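Asks: One structure, as structure tokens, below. Some questions next.
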């Protein structure tokens, strides 16, 4: 079995250095001193030459945030976050606006090389257009011209706010209002950058669009904002990847993602999240508190979330679908892994409003070491959602006696023609399975990986090929030493 | 005289047309076989005759003894003597078999103007019939089809057929999932019910069931229509040459 | 409603252990106050204003031969109408406390979760009852059947508390009927101590608002808690049947305290228009090697709401646990509502857990199958509904009681209750019915 020996090599390679993305890039950057007040919000907005209405949006969000309390319902525990002790702005120092990749700091580009995403060649080979957000600021976008021909806009959020204010104004906060929750309010006040995608009517985006997010600076929070608008009959597949250096401190990442799909439009949103998870004792790591939501506004539209969550000390995220248009479809495919002291409280909400709306949830939680896994999901069938259907499959795999797996599904049905089914299992790798595979010549680690891979397969196959391979590798590396 | 008459039948499932102009005549007392490849519309034909919701007749007519069935619900068709032996008899956990059988028998008897059977009389009738299809009474003490083996489910369907004494029986892939012994038992049960008044439509993919239930006429259903009809020698020809060989009506 | 959650005065002379428990309960009640939907455990329970509803006629049928019948009317033990054999000890909680009867110190200790209903009614112990079931079978083989009838003859609040102490190796079937005035607001707590190797079947028939007389009143509230602690090898089978008029919430807490202990919690509800039925269960696997199973089935008519929150907790040390959950809701009308929350909280990897939940209407294929056999659509529907109910009713060990439950459930929804029952004459049915 060629693939097995290959994966064994991969494991050997990672035995020494478990978190491969944990280096720090030595570049000059401009960082705001820690602290948050209205002036911070004005400073960020001013730095980005934002129009007045956007500043107003931020200030309203900030004032609302002050009235909120941090949520405590998730099954995660962490020391109190001091929101005045972190910096809300950090940007690599560059001269003026970037016109081409040549103007990007070469040190930065080397970072992406190390991360395995050279902006040039591999992007071209893989046909991927990459936008990279480095400490909250979008650095460079490839493939812009080719996309421009089709009328597709793929740029940083700041650029979009300047160049396409009407598009931003129409959709910003329309799916995740700043009043939505504590972290969404905070993000709405201080978001620094992110990606904006607009696919015009009837256009099928010819390539995968992709953003890599990277936190580099110490004591900074990352608050990016992504907005995707897919017009009637259009299609787009978007991927995001996330990494951060290894640090002893905890850093906050509070992003907001909003998706809007109009009639017959389809948005496929994939995430491979590998923020620094902290060390084996739980020191350091990213707090990943993210609000992601899409609305299927038009008839027969479709939003599909796929996520592979292996990083972060704490993950708190529920990519959701509001199925408003009749015949619209929502999907959520998730693999979440918590090893060592990692905690993940993740899941989805499927809100069925339109007739004959359908949703599918496949959630695979893996807990190892002292890891904590919680699936939290809501399926709501509203009164007028005749003929709505949901199927949920929600499985947990526990590896080791000190980990935990909770399953908290809410099913709320208000229409008698709906059909909702939920299935869940919690299991471990049995000695029989291990013995069987090892008797066939596999090493223990390989055998475990093989079983874990099988467990995740339904989700991996939703990812584009090259990401599926990366996801598989990440899971293997993250589970290093979890068994035995 | 024809018992069943199907004229230019068009049936749509969802938005897909499955049957597109099917014609069929089955005289009283005859057994006809419908054979065809997978996806030809065999099960659709049986559901359309039995009146399953979602199988929309967009054109044509189905008549039993001269009366159109189209406006009737599945229960009304059953009471007029249509019986469908299901390809996959449905499991209904919690519903006891015996009270169900009695309710069905009495619903059909009432429609025929016969007296309903009291518990004692029904039990006598049930036991006699059980014997004829060689089925253990213990099965009737369990929940309807719940946890039955494939063979038990099929034999239980044949038991219902014998109890309800229909005029017209459809056997939809009754042989699927049966070993040779179970199939023989089922075929014996069916053969025992052949009378000069009762007609049957045997739907099957393979020849082997027709070795036991010998048909008077064989039809080939393909692409939503009857492509060819003939006597039982057609069965051997199909077995030898496959369905590809039948190309047009 | 408010008076339900106000601690009653503490009796003057109680032993220290109870004083501490009462004071702590009162403190916690002051702390958390009356429940609201903001509390996760009470998320689906609407305690607010309720529209008036009519009483349902209560059939006079009683179980033919219970070993004991205990009647509690308006919170008072009606000794005249009760009938208790010598082998059982039945007395007031106050008396049991004073005489330090076996197991009495478990009072208020089994149902000690942070539940306002528990806290409030703990102080109602003076009007409550103590029942002690010794090991062995006094009546020559038959499992003793204890029938407890809790009635309300008036509107207003009613507190009730009963402690069952079941000795090691004993077997018993306990049937509670909660019935009476539709305007009553009830808060009833049952604690059960299941001894090692004992088997307890507990059936709670929630018939609040079912009376002999036709009455219309502001719909009442029936808040019930059944809490059990189960020692090694003990088996606790709970059957909660919710048919009350108005708003009801029944909570079941089962703590598995010994290896080989088993808890099977089943719930069945039929919710008519204007009513809401909640079921909240927690199974706590506190030790290794225990097993549990939960099955809930809800039938919801147009305008009814039924909610089920079923939790299983498996602690770090509780290796070798196994648990299953199956929650089903059948919507019988366009404006019926169902909420289900099958929740697992698992803290170790040597566990087998599976759960499933489904909401929908009757299966169209099953309906077609029955209609294709000549049954009209109404009969086919009724038969399928009866089948849905039967699956849970079958787990009740007493056959007469099981058929009574089916009868109530279908009757509560206005469905013919004879359908699907084995009405062929029991002599001829053979194996279907247990010999009486």
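Chains as they are written, first to last, in the working numbering: chain A, 99 to 582; chain B, 246 to 494; chain C, 70 to 505.
Heads up, the beta-carbon is just placed ideally off N, CA and C, and yes, glycines get one too.
Owing to the predicted nature of the structure, the values given are computational and were not obtained by experimental measurement.
1) Is DSSP giving residue 484 (chain C) helix, strand or coil here?
2) Comparing C-alpha positions only, which one of A:146, A:140 and A:165 sits nearest to residue 154 (chain A)?
3) Between C:460, C:469 and C:475, which has its C-alpha nearest residue 134 (chain C)'s C-alpha?
4) To the nearest angstrom, how far is it from the Cα of residue 298 (chain A) to the Cα of residue 396 (chain A)?
5) Got a sec? Which residues, its chain only, sit under 7 Å from residue 374 (chain B) by beta carbon, not counting five neighbours each side?
6) Under 7 Å, Cβ to Cβ, is there at least one residue of chain A near residue 425 (chain C)?
7) Return the CA-CA distance between residue 423 (chain A) and residue 261 (chain C), expressed in angstroms with no decimal places.
8) Once DSSP output is grouped into helix, strand and coil, what is the label at residue 465 (chain C)?
9) Quick check on the DSSP output: what are the complete alpha helix (DSSP H) runs of length 4 or more inside the region 444-471 of chain B, in order along the chain?
10) Hey, how far is the Cα of residue 258 (chain B) from the Cα of residue 267 (chain B)?
11) Which word fits residue 534 (chain A), buried or exposed, when buried means at least 16 other C-beta atoms lie within 10 angstroms of its C-beta?
12) Starting from residue 163 (chain A), trace the alpha helix (DSSP H) both ways and give me its first and last residue.
13) Which whole-angstrom value is the C-beta distance of residue 420 (chain C) and residue 390 (chain C), which I expect to be below 8 Å?
14) Can you tell me whether residue 501 (chain A) is buried or exposed, with buried defined as 16 or more other CB within 10 angstroms of its CB?
15) Find out if the Cβ-Cβ distance for the pair residue 432 (chain B), residue 457 (chain B) is shorter than 7 Å.
16) Can you tell me whether residue 294 (chain C) is buried or exposed? The criterion is at least 16 other CB atoms within 10 Å of its CB, across all chains shown.
17) Report the rounded CA-to-CA distance for residue 478 (chain B) versus residue 250 (chain B), giving the unit in angstroms.
18) Classify residue 429 (chain A): buried if its beta carbon has 16 or more other beta carbons within 10 angstroms, exposed otherwise.
19) Would you call the region 171-180 of chain C and the region 76-95 of chain C in contact, with 3 or more CB pairs under 8 Å?
20) Considering only residues of the region 543-576 of chain A, which uninterrupted alpha helix (DSSP H) runs meet the minimum length of 4 residues and lie entirely inside it, listed in chain order?
21) How long is the line joining the alpha carbons of residue 85 (chain C) and residue 165 (chain C), rounded to whole angstroms?
22) Can you tell me the Cα-Cα spacing of residue 440 (chain B) and residue 326 (chain B), whole angstroms?
23) List in chain order: all unbroken alpha helix (DSSP H) runs of 4+ residues lying wholly within the region 155-180 of chain C.
24) What is the residue span of the beta strand (DSSP E) that residue 482 (chain B) lies within?
25) So, helix, strand or coil for residue 513 (chain A), using DSSP?
26) Assign residue 43 (chain C) to one of three DSSP states: helix, strand, or coil.
27) Taking only three categories from DSSP, how would you classify residue 141 (chain A)?
28) Just verifying my parser: in three-state terms, what is the DSSP assignment at residue 108 (chain A)?
29) Name, please, each residue of chain C whose Cβ falls closer than 9 Å to the Cβ of residue 405 (chain B).
30) What residues in the region 502-514 of chain A have a beta carbon less than 9 Å from any beta carbon of chain C?
31) Buried or exposed: residue 303 (chain A), going by 16 or more other Cβ atoms within 10 Å of its Cβ?
32) Return the first residue and the last residue of the beta strand (DSSP E) that residue 226 (chain C) is part of.
33) Is the beta carbon of residue 391 (chain A) less than 7 Å from the beta carbon of residue 575 (chain A)?
34) Determine, using beta carbons only, whether residue 352 (chain C) comes closer than 7 Å to chain A.
35) Where does residue 265 (chain B) sit, in a helix, a strand or coil, going by DSSP?
36) If you drop the 5 nearest sequence neighbours on each side, which residues of the same chain put their C-beta closer than 8 Å to that of residue 182 (chain A)?
Replies: Inspection of the coordinates gives the following:
1) coil
2) A:140
3) C:469
4) 14 Å
5) 404, 407 and 408
6) yes
7) 52 Å
8) coil
9) 453-457
10) 15 Å
11) exposed
12) 150-165
13) 5 Å
14) buried
15) yes
16) buried
17) 24 Å
18) buried
19) yes
20) 563-576
21) 15 Å
22) 14 Å
23) 162-168
24) Element bounds for residue 482 (chain B): not the beta strand (DSSP E) but the alpha helix (DSSP H), 478-486.
25) coil
26) The shown model of chain C, from 70 to 505, leaves out residue 43 (chain C), and the question about it has no answer.
27) helix
28) The pLDDT assigned to residue 108 (chain A) is 32, lower than 50, so where the model puts this residue is not dependable, and the model offers no usable value.
29) 442
30) 502, 503, 504, 505, 506, 507, 508, 509, 510, 511, 512, 513 and 514
31) buried
32) 225-235
33) no
34) no
35) strand
36) 132, 133 and 134
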